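Heads up: the structure comes next, in structure tokens.
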Amino acid sequence: MSAAIEQLLPHRPPMRWIDELVEFTDTTAKATARLAADHFAAADGAVMETALVECVAQTVAAAQGARAKASGKSGAPTGGMLAAVSGFRVVSRPLCGQTLHIEVREVKRFGPMMLVSGTVTCDGQLMASGDLTLYA
């Protein structure tokens with residue numbers, strides 16, 4: 000990915016958790032994230048469950064920014080919002096410092112609302128999966 004993540008996301012540290020948008024298409028995206036033990040979204044040496052949801056949402060936002068940039072628009076998108084979480088299941092909390100691999104797929108879209116399905120894996124193991132509804 001050639002664009003720095005800061006050019007794709009409106010989030011800034013400490014709220015920017017995605018490190019890299021690895022790839023994207025019109026309806027899918029893959030990203031990586033790594034949260035340190037001193038991050039506020041970590042507890043007892045592991046990433047908190049809510050952070051896994053946010054990593055999926057930020058992957059969607061980064062892909063939106065990359066699509067906008069690819070179509071000639073400049074600047075990160077600014078108006079998105081996580082509207083609902085459904086069926087999100089955390090299998091295991093990854094340890095801090097491990098690389099998380101996040102994959103998202105757009106399931107359906109109605110105007111500015113979109114339903115995405117996402118997974119978070121670490122070392123080839125499923126950590127979390129579920130659906131998010133976003134206003135984008």
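If you count by numbering that gives the first Met the number 0, then the sequence shown holds residues 0 to 135, one letter each, in order.
C-beta: ideal position from N, C-alpha, C; glycine also.
Keep in mind it's a predicted model, so treat the numbers as computed, not measured.
Worksheet item: With respect to the beta strand (DSSP E) encompassing G129, which residues constitute its N-terminal and C-terminal limits?
Response: Here the question's residue 129 lines up with position 130 in the sequence shown. Bounds of the beta strand (DSSP E) holding G129 are 124–134.
Item to complete: Can you say whether P12 is buried or exposed, counting buried as having 16 or more other CB atoms within 10 angstroms of its CB?
Response: The count along the sequence shown starts at 1 and reaches residue 12 at position 13. That one is exposed.
Item to complete: Specify, as a first and last residue, the run of the beta strand (DSSP E) that T58 falls within.
Response: Counting from one through the sequence shown, the residue named residue 58 turns up at place 59. Segment 48–69 is the alpha helix (DSSP H) holding T58; no beta strand (DSSP E) there.
Discussion item. For T26 and H38, I'd like the C-alpha separation in whole angstroms.
Written reply: On the sequence shown, position 27 is the one that residue 26 refers to. On the sequence shown, position 39 is the one that residue 38 refers to. Rounded to the nearest angstrom, the two C-alpha atoms are 30 Å apart.
Worksheet item: For R51, which of R108, A135, S73, T98 has the nearest alpha-carbon?
Response: Position 52 of the sequence shown, counted from the first residue, corresponds to residue 51. Before going further, note that residue 51 is Leu rather than Arg in the sequence given. Of the candidates R108, A135, S73, T98, the one whose C-alpha sits nearest the C-alpha of L51 is T98.
Fill in: Residues of its chain near G86, where Cβ-Cβ distance is below 6 Å and the 5 sequence neighbours each way are ignored
Within the sequence shown, residue 86 is the residue found at index 87, counting from 1. Taken in chain order, the residues that qualify are G129, D130.
Worksheet entry | L20 beta carbon less than 8 Å from that of A65 | Sequence index remark: in the sequence shown, residue 65 carries index 66 (1-based). Sequence index remark: in the sequence shown, residue 20 carries index 21 (1-based). Against a cut-off of 8 Å, the Cβ pair of L20 and A65 comes out as a contact.
Practice prompt. Can you tell me which of V119, C121, R104 puts its alpha carbon nearest to the alpha carbon of L133?
Written response: As a working mapping, residue 133 is identified with position 134 in the sequence shown. With distances taken between CA atoms, L133 lies nearest to R104 out of V119, C121, R104.
Discussion item. Considering only their Cβ atoms, is the gap separating V119 from V59 smaller than 8 Å?
Written reply: Looking up residue 59 in the sequence shown gives position 60. Looking up residue 119 in the sequence shown gives position 120. In this structure, V59 sits away from V119, with a CB-CB distance that is not shorter than 8 Å.
Worksheet item: Taking the Cβ atom as the reference point for each residue, do L125 and A45 lie within a distance shorter than 8 Å?
Response: Looking up residue 125 in the sequence shown gives position 126. Looking up residue 45 in the sequence shown gives position 46. Taking C-beta atoms as the reference points, L125 and A45 fail to come closer than 8 Å.
Worksheet item: Where Q63 and D43 are concerned, what is the direct C-alpha to C-alpha distance, given to the nearest angstrom?
Response: For this step, residue 63 is matched to residue 64 along the sequence shown. For this step, residue 43 is matched to residue 44 along the sequence shown. Using only the alpha carbons, I get a separation of about 33 Å.
Worksheet item: Per DSSP, F109 is paired with what?
Response: Position 110 of the sequence shown, counted from the start, is the residue given in the question as residue 109. Looking at the DSSP assignment, F109 forms a beta bridge with M112.
Fill in: Selection from E48, A36, S73 that minimises the alpha carbon distance to L8
Within the sequence shown, the letter at position 9 stands for residue 8. L8 has its Cα closest to that of S73, out of E48, A36, S73.
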